[in-house]
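These protein sequence lines map, in sequence, to chains X and R. The numbering used here applies: residue 791 is where the first sequence begins, and numbers increase by one. The numbering used here applies: residue 791 is where the second sequence begins, and numbers increase by one. Let me begin by presenting the structure, written as structure tokens, before commenting on it.
2 protein chains.
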Amino acid sequence: MADFDRFDRCEVTCIHEEAVSAVRQVMISDDVAQSLADIFKTLADSTRVKMLFALMHRELCVCDLAAVIRASESSVSHQLRILRTNKLVKFRRDGKILYYSLADDHVKTLFKQGLEHASHDEAWAAQFLDFIK
Amino acid sequence: MADFDRFDRCEVTCIHEEAVSAVRQVMISDDVAQSLADIFKTLADSTRVKMLFALMHRELCVCDLAAVIRASESSVSHQLRILRTNKLVKFRRDGKILYYSLADDHVKTLFKQGLEHASHDEAWAAQFLDFIK
DNA sequence: TATACATATGAACAGTTGTTCATATGTATA
DNA sequence: TATACATATGAACAACTGTTCATATGTATA
């Protein structure tokens, strides 16, 4: 670590010292980088993407969610736990049934940005961006 | 699949048919869900998050990038390939040195949204959101 | 209290991912 | 053309992730 700070690792000969120290000044900590990565990790699975997209439309129970995305209820339940842990969804109970819904609007915004990046100038994303609003 | 479409799987008894078919109407395709998941997957690693955050500040060569985030040059090079493939970074060559930079502003926006979700009412994200602009 | 049922949880397993180490590629300079 | 060096790539391996299957929990109703 001290070695790193002095830029004196002999294997590395091309370092632009000013550039490196300038960027280090503003660099995020490992913890923050990890938190950020964790959010994206939560969204980095097509099953969860489909679940969140469905919940964007309306609240749904576990079993409906499974039917909508054509997945097993067990799988959906496992994934819901991940979404719950990461505060992306909330739920209310009505008898035996749990109704899940989006915790807030962050997911919508993230999906919007994600689709805009994915689509570039392609047209297929237009209707979904439109739906997201 | 026909079974699914008719909602007649005997194991599933709690389906709200109207809800399920309503959401299916607007549901994204598997391909779109996968594309969206792939974008987030690209951002779902703290090494890549740090690399992108560094490149948000200024363009850097592979070796500088490695020094900034304290990772091996080989690892950084592997990760850069992933970022290149997913069109998040671009590069220019100057002699033997390759300078990498962000491909566009989508990453900034995604990080901003991600941090806002992660931070909720916590203060630690303020300076980074401020830096991102 | 017994039964049914919606959902949750745990263990197991295959598939994926990130790092390291060794080696290859491509560019500049002697 | 030979050497140095910045970067890329491939193979190998450990760590992680998502699904399935079996089982548990919790709630309503008979």
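Virtual Cβ for every residue (Gly too), placed ideally from N, Cα, C. Since the model is a prediction, treat every value here as computed from it, not as a measurement.
Could you give the DSSP three-state label for I859 of chain X: helix, strand or coil? Within the first sequence, residue 859 of chain X is the residue found at index 69, counting from 1. In this structure, I859 of chain X counts as helix in the three-state DSSP scheme.
On the DSSP bridge assignment, give the partners of S819 of chain X in chain order. Mapped onto the first sequence, residue 819 of chain X falls at position 29. The partner list for S819 of chain X (beta bridge, DSSP) is empty, contrary to what the question assumes.
Beta-carbon proximity list for L888 of chain X, same chain, < 8 Å, skipping 5 on both sides: In the first sequence, the residue the question calls residue 888 of chain X occupies position 98. Excluding residues within five positions, the ones whose Cβ falls inside 8 Å are C851, V852, F881, R882.
Kindly confirm or deny that the segment 822-829 of chain X and the segment 902-910 of chain X touch, where touching means at least three C-beta pairs closer than 8 Å. no
What ranges does the beta strand (DSSP E) occupy inside the segment 866-895 of chain R, keeping only unbroken runs of at least 3 residues that lie completely in it? 879-884, 887-892
Buried or exposed: where does Q869 of chain R fall if 16 or more other Cβ atoms within 10 Å of its Cβ makes it buried? Counted from its first residue, the second sequence places residue 869 of chain R at position 79. Classification of Q869 of chain R: buried, given that the 10 Å Cβ count is 16 or more.
Residues of its chain near D795 of chain R, where Cβ-Cβ distance is below 6 Å and the 5 sequence neighbours each way are ignored: Position 5 of the second sequence, counted from the first residue, corresponds to residue 795 of chain R. For D795 of chain R, the pLDDT reaches just 36, beneath the cut-off of 50, and the residue's location in the model is therefore unreliable, leaving the point undetermined.
Grouping DSSP H, G and I as helix and E and B as strand, with all else coil, what is C853 of chain R? Looking up residue 853 of chain R in the second sequence gives position 63. C853 of chain R falls in the helix class under three-state DSSP.
Evaluate G885 of chain X with the Cβ neighbour count: other Cβ atoms within 10 Å of its Cβ, from every protein chain shown; 16 or more gives buried, anything less gives exposed. On the first sequence, residue 885 of chain X is found 95 positions in, with the first residue counted as 1. Exposed, by the Cβ-count rule.
Contact under 8 Å by Cβ, L845 of chain X with V813 of chain X: Against the first sequence, residue 845 of chain X aligns to sequence position 55. Against the first sequence, residue 813 of chain X aligns to sequence position 23. Going by C-beta atoms, L845 of chain X is not nearer than 8 Å to V813 of chain X.
Look at the alpha carbon of M841 of chain R and the alpha carbon of L855 of chain R, and state the distance between them as a whole number of angstroms. Start at 1 with the first residue of the second sequence, and residue 841 of chain R comes out as number 51. Start at 1 with the first residue of the second sequence, and residue 855 of chain R comes out as number 65. Cα-Cα distance, rounded: 7 Å.
Comparing the C-beta of D798 of chain R with each C-beta of chain X, is any distance below 8 Å? One-based indexing of the second sequence puts residue 798 of chain R at position 8. The predicted model places D798 of chain R with a pLDDT of 39, which falls under 50 and marks its position as unreliable; any figure quoted below should be read in that light. It does not: the Cβ of D798 of chain R has no partner Cβ on chain X nearer than 8 Å.
I'd like to know if V813 of chain R contacts chain X, where contact means its C-beta is closer than 8 Å to some C-beta of that chain. For the purposes of this step, residue 813 of chain R is taken as the residue at position 23 of the second sequence. It does: the Cβ of V813 of chain R has a partner Cβ on chain X nearer than 8 Å.
Looking at T837 of chain X: is its Cβ nearer than 8 Å to the Cβ of S865 of chain X? Residue 837 of chain X sits at position 47 when you count from the first residue of the first sequence. Residue 865 of chain X sits at position 75 when you count from the first residue of the first sequence. Yes.
Taking just the CA atoms, how far does T875 of chain R sit from D820 of chain R? Sequence index remark: in the second sequence, residue 820 of chain R carries index 30 (1-based). Sequence index remark: in the second sequence, residue 875 of chain R carries index 85 (1-based). The straight-line gap from Cα to Cα measures roughly 21 Å.
Could you tell me whether any Cβ in chain R is nearer than 8 Å to the Cβ of V810 of chain X? Counting from 1 along the first sequence, the entry for residue 810 of chain X is found at position 20. True, the Cβ-Cβ gap to chain R drops below 8 Å.
For D854 of chain R, return the contacting residues in chain X, with the cut-off set at a CB-CB distance below 7 Å. Indexing the second sequence from 1 puts residue 854 of chain R at position 64. What D854 of chain R touches in chain X: I805, H806, A809, V810.
Below 9 Å on C-beta distance, what does Q869 of chain X contact in chain R? Within the first sequence, residue 869 of chain X is the residue found at index 79, counting from 1. The premise fails here: Q869 of chain X is roughly 12 Å from chain R at the closest Cβ pair, so nothing lies under 9 Å.
Taking the alpha-carbon positions, what's the I829 of chain X to G904 of chain R distance? Here residue 829 of chain X is taken as the residue at index 39 of the first sequence, counted from 1. Here residue 904 of chain R is taken as the residue at index 114 of the second sequence, counted from 1. So the two alpha carbons sit approximately 7 Å from each other.
Closer than 7 Å by beta-carbon distance: list the chain X residues that pair up with V858 of chain R, in chain order. Taking the second sequence and counting its residues from 1, one reaches residue 858 of chain R at position 68. The contacting residues are V810, V813, R814, M817.
Which of the three DSSP states is assigned to A834 of chain X in this structure? The residue labelled residue 834 of chain X in the question sits at position 44 within the first sequence. In the structure shown, A834 of chain X sits in coil (DSSP, three-state: anything other than H, G, I, E or B).
Going straight from the alpha carbon of I805 of chain X to that of A857 of chain R, what length do you get? To locate residue 805 of chain X, count along the first sequence from 1; it is residue 15. To locate residue 857 of chain R, count along the second sequence from 1; it is residue 67. So the alpha carbons of these two residues sit roughly 8 Å apart.
Please confirm whether G904 of chain X has its beta-carbon closer than 8 Å to some beta-carbon of chain R. Position 114 of the first sequence, counting from 1, holds the residue named residue 904 of chain X. Taking Cβ atoms only, chain R reaches closer than 8 Å to G904 of chain X, which makes this a yes.
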